[in-house]
Amino acid sequence: MVSRTFRLEESTVEQLEYIAKSRECTKTEAIRFAIQTGYDALQEEYAGNSDSGDLQRQIDYLRSANLALLDQNAQLVDALSKAQAVQAVLAAPKRRFLPPWRWGRKNRE
(Lines of atoms letter the chains of each structure in order from A and count residues from 1; the text may use other names and numbers.)
(Lines give C-alpha, C1' and ligand atoms only; values in the text may rest on other atoms or scores of the structure.)
Protein backbone atom coordinates (compact mmCIF):
# COMPACT_ATOMS: atom_id res chain seq x y z
CA MET A 1 0.00 0.00 0.00
CA VAL A 2 1.27 3.44 -0.87
CA SER A 3 0.88 5.92 1.93
CA ARG A 4 0.89 9.64 1.34
CA THR A 5 1.97 12.48 3.54
CA PHE A 6 -0.74 15.04 4.14
CA ARG A 7 0.08 18.66 4.87
CA LEU A 8 -2.61 20.42 6.84
CA GLU A 9 -3.25 24.16 6.95
CA GLU A 10 -3.43 25.92 10.30
CA SER A 11 -7.20 26.30 10.05
CA THR A 12 -7.54 22.56 9.44
CA VAL A 13 -5.40 21.77 12.48
CA GLU A 14 -7.54 24.15 14.55
CA GLN A 15 -10.69 22.43 13.28
CA LEU A 16 -9.29 19.02 14.21
CA GLU A 17 -8.38 20.29 17.69
CA TYR A 18 -11.92 21.66 18.04
CA ILE A 19 -13.36 18.27 16.99
CA ALA A 20 -11.11 16.53 19.52
CA LYS A 21 -12.25 18.88 22.31
CA SER A 22 -15.94 18.75 21.44
CA ARG A 23 -16.02 14.95 21.08
CA GLU A 24 -13.60 14.46 24.00
CA CYS A 25 -11.30 12.20 22.01
CA THR A 26 -7.68 12.08 20.88
CA LYS A 27 -6.38 13.86 17.79
CA THR A 28 -6.07 10.53 15.98
CA GLU A 29 -9.74 9.78 16.62
CA ALA A 30 -10.63 13.32 15.48
CA ILE A 31 -8.74 12.76 12.22
CA ARG A 32 -10.47 9.42 11.77
CA PHE A 33 -13.85 11.10 12.44
CA ALA A 34 -13.12 13.87 9.91
CA ILE A 35 -12.08 11.36 7.25
CA GLN A 36 -15.15 9.22 7.88
CA THR A 37 -17.44 12.27 7.78
CA GLY A 38 -15.93 13.38 4.47
CA TYR A 39 -16.18 9.87 3.11
CA ASP A 40 -19.85 9.65 4.11
CA ALA A 41 -20.57 13.05 2.52
CA LEU A 42 -18.91 11.96 -0.72
CA GLN A 43 -20.88 8.71 -0.70
CA GLU A 44 -24.13 10.65 -0.34
CA GLU A 45 -23.14 13.05 -3.12
CA TYR A 46 -22.03 10.16 -5.30
CA ALA A 47 -25.37 8.42 -4.77
CA GLY A 48 -27.09 11.51 -6.25
CA ASN A 49 -24.69 11.85 -9.21
CA SER A 50 -23.70 8.33 -10.19
CA ASP A 51 -22.21 9.43 -13.54
CA SER A 52 -19.30 11.40 -12.05
CA GLY A 53 -15.93 9.61 -12.19
CA ASP A 54 -14.22 12.40 -10.26
CA LEU A 55 -16.25 11.65 -7.15
CA GLN A 56 -15.31 7.99 -7.36
CA ARG A 57 -11.64 8.97 -7.51
CA GLN A 58 -12.10 11.19 -4.45
CA ILE A 59 -13.84 8.36 -2.60
CA ASP A 60 -11.04 5.95 -3.50
CA TYR A 61 -8.46 8.51 -2.39
CA LEU A 62 -10.21 9.03 0.96
CA ARG A 63 -10.57 5.29 1.42
CA SER A 64 -6.83 4.80 0.81
CA ALA A 65 -6.07 7.72 3.15
CA ASN A 66 -8.25 6.13 5.82
CA LEU A 67 -6.48 2.78 5.38
CA ALA A 68 -3.08 4.50 5.52
CA LEU A 69 -4.10 6.25 8.75
CA LEU A 70 -5.26 2.97 10.28
CA ASP A 71 -2.00 1.32 9.21
CA GLN A 72 0.06 4.12 10.76
CA ASN A 73 -2.01 3.86 13.92
CA ALA A 74 -1.36 0.09 14.13
CA GLN A 75 2.38 0.63 13.62
CA LEU A 76 2.39 3.27 16.35
CA VAL A 77 0.60 0.93 18.77
CA ASP A 78 3.10 -1.85 17.99
CA ALA A 79 6.06 0.47 18.50
CA LEU A 80 4.65 1.76 21.79
CA SER A 81 4.04 -1.73 23.12
CA LYS A 82 7.59 -2.77 22.19
CA ALA A 83 8.99 0.36 23.83
CA GLN A 84 7.00 -0.33 26.99
CA ALA A 85 8.30 -3.91 27.08
CA VAL A 86 11.90 -2.70 26.72
CA GLN A 87 11.34 -0.03 29.36
CA ALA A 88 9.92 -2.62 31.77
CA VAL A 89 12.92 -4.87 31.26
CA LEU A 90 15.35 -2.00 31.79
CA ALA A 91 13.51 -0.74 34.87
CA ALA A 92 13.36 -4.16 36.54
CA PRO A 93 15.64 -4.46 39.58
CA LYS A 94 18.84 -6.29 38.87
CA ARG A 95 19.10 -9.42 40.98
CA ARG A 96 22.23 -11.37 41.56
CA PHE A 97 22.06 -15.10 41.41
CA LEU A 98 23.15 -16.64 44.67
CA PRO A 99 24.21 -20.25 44.84
CA PRO A 100 22.24 -22.37 47.33
CA TRP A 101 25.06 -22.41 49.92
CA ARG A 102 24.79 -18.60 50.25
CA TRP A 103 21.01 -18.40 50.64
CA GLY A 104 21.20 -17.99 54.40
CA ARG A 105 23.79 -15.21 54.36
CA LYS A 106 23.31 -11.53 53.75
CA ASN A 107 23.72 -10.45 50.18
CA ARG A 108 27.12 -8.71 50.05
CA GLU A 109 27.92 -6.69 46.98
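Letter 13 of the sequence shown, counting from 1, is numbered 1401 in the working numbering, and no numbers are missing.
C-beta: ideal position from N, C-alpha, C; glycine also.
Predicted, not measured: the structure shown is a model, and the values here were computed from it.
Please name the residue in 1402, 1403, 1414, 1410 whose C-alpha comes closest to that of residue 1461.
If you number the sequence shown from 1, residue 1461 lands on position 73. Shortest Cα-Cα distance from residue 1461 to any of 1402, 1403, 1414, 1410 involves 1414.
Can you confirm whether the stretch 1425–1433 touches the stretch 1447–1461 when touching is taken to mean that 3 or more C-beta pairs between the two stretches lie within less than 8 Å?
Yes, the stretch 1447–1461 touches the stretch 1425–1433.
Can you give the Cα-Cα distance for residue 1471 and residue 1480, rounded to whole angstroms?
Against the sequence shown, residue 1471 aligns to sequence position 83. Against the sequence shown, residue 1480 aligns to sequence position 92. Rounded to the nearest angstrom, the two C-alpha atoms are 14 Å apart.
Answer with buried or exposed for residue 1473, where buried requires no fewer than 16 other C-beta atoms within 10 angstroms of its C-beta.
If you number the sequence shown from 1, residue 1473 lands on position 85. Looking at its Cβ environment, which holds fewer than 16 other Cβ atoms inside 10 Å, residue 1473 is exposed.
Is it buried or exposed for residue 1487, if we count other Cβ within 10 angstroms and need 16 for buried?
By 1-based counting over the sequence shown, the position of residue 1487 is 99. Only exposed fits residue 1487, as fewer than 16 other CB atoms lie within 10 angstroms of its CB.
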